[in-house]
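> First residue of the sequence shown? That's 3 in this note's numbering, and the numbers climb one at a time after it. Glycine is no exception: its CB is placed at the ideal position from the N, C-alpha and C atoms. This is the structure I have questions about; it appears just below.
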Amino acid sequence: MLIRIMLVVSLSLPGSLWASTRTTAELPQIHAQQVQLRQEAQAGQGRFKDMGATERQALVVQQDRFLALTKGRQSLDELSMDDKLAAINTLEAINATITRAEDERLVCERIKQVGSHRPTRICRTVAELREARQAAEKLMEERPSCGPSCRDTPKMMGSN
3 MLIRIMLVVS LSLPGSLWAS TRTTAELPQI HAQQVQLRQE AQAGQGRFKD
53 MGATERQALV VQQDRFLALT KGRQSLDELS MDDKLAAINT LEAINATITR
103 AEDERLVCER IKQVGSHRPT RICRTVAELR EARQAAEKLM EERPSCGPSC
153 RDTPKMMGSN
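Listed below in structure tokens is the structure:
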């Protein structure tokens with residue numbers, strides 16, 4: 003899963019930026035990249051020329067969220083775990099908007115495993131989350147709501 007995260011981030015960042023992000027997650031460089039992307043998107047140039055106005059607006063909203071989360075910070079390591087997770091998820095959403103690969107976008111969450119007080123980070127793609135949700139819904143629909151005793155119709159007293 004870590005390899006998938008690194009691959010997705012590497013696809014969204016230029017080579018030299020990826021090298022520094024992998025080790026220290028330097029936010030000023032990521033901010034500069036986001037500013038450049040925003041300018042291209044607002045001008046409708048480059049990879050954004052075929053993107054609709056609503057998609058470009060969604061990109062700007064995601065960028066605003068990321069910039070607000072990381073304002074005044076030099077590294078992702080300076081953020082709390084929850085804010086770091088939100089920042090990574092926001093970057094994933096930005097990448098998905100740009101590459102139009104929503105199903106491949108990673109969504110990470112912190113989950114406390116049963117029997118442990120330590121939360122672990124679980125990352126899955128949007129497609130994997132949708133498949134898991136659909137499987138759970140299907141299981142709930144197929145599962146009987148009661149045991150065999152409630153399926154039998156109760157016999158009325160005095161009837162044979």
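May I have the straight-line CA-CA distance separating LEU115 from THR122, to the nearest angstrom?
Position 113 of the sequence shown holds residue 115. Position 120 of the sequence shown holds residue 122. Reading the sequence as shown, one finds Gln at residue 115 and not Leu. Answer to the nearest angstrom: the Cα atoms are 7 Å apart.
> Give the secondary structure of LYS140 by DSSP, where H, G and I count as helix, E and B as strand, and everything else as coil.
As a working mapping, residue 140 is identified with position 138 in the sequence shown. In the structure shown, LYS140 sits in a helix (DSSP, three-state: H, G or I).
> Tell me, to the nearest whole angstrom, how far the beta carbon of ARG107 is from that of THR92; I am working on the premise that it is less than 8 Å.
Residue mapping note: residue 107 aligns to position 105 of the sequence shown, counting from 1. Residue mapping note: residue 92 aligns to position 90 of the sequence shown, counting from 1. About 11 Å separates the two Cβ atoms, so there is no contact after all.
> Could you pull the start and end residues of the alpha helix (DSSP H) that LYS51 belongs to?
Sequence index remark: in the sequence shown, residue 51 carries index 49 (1-based). LYS51 -> no alpha helix (DSSP H), and no H or E assigned at all.
> Taking the alpha carbon of LEU131 as the point to measure from, which residue in ARG145, VAL109, GLU144 and LEU87 has its own alpha carbon closest?
In the sequence shown, residue 131 corresponds to position 129, counting from 1. Of ARG145, VAL109, GLU144 and LEU87, the residue nearest in Cα terms is VAL109.
> Just confirm the distance between the C-beta atoms of ILE96 and PHE68, as a whole number of angstroms; I'd bet it's less than 8 Å.
Numbered from its first residue, the sequence shown carries residue 96 at position 94. Numbered from its first residue, the sequence shown carries residue 68 at position 66. So it is a contact: roughly 7 Å between Cβ atoms.
> For MET83, which of GLN38, ARG120 and GLU28 has the nearest alpha-carbon?
If you number the sequence shown from 1, residue 83 lands on position 81. Out of GLN38, ARG120 and GLU28, ARG120 has the C-alpha closest to the C-alpha of MET83.
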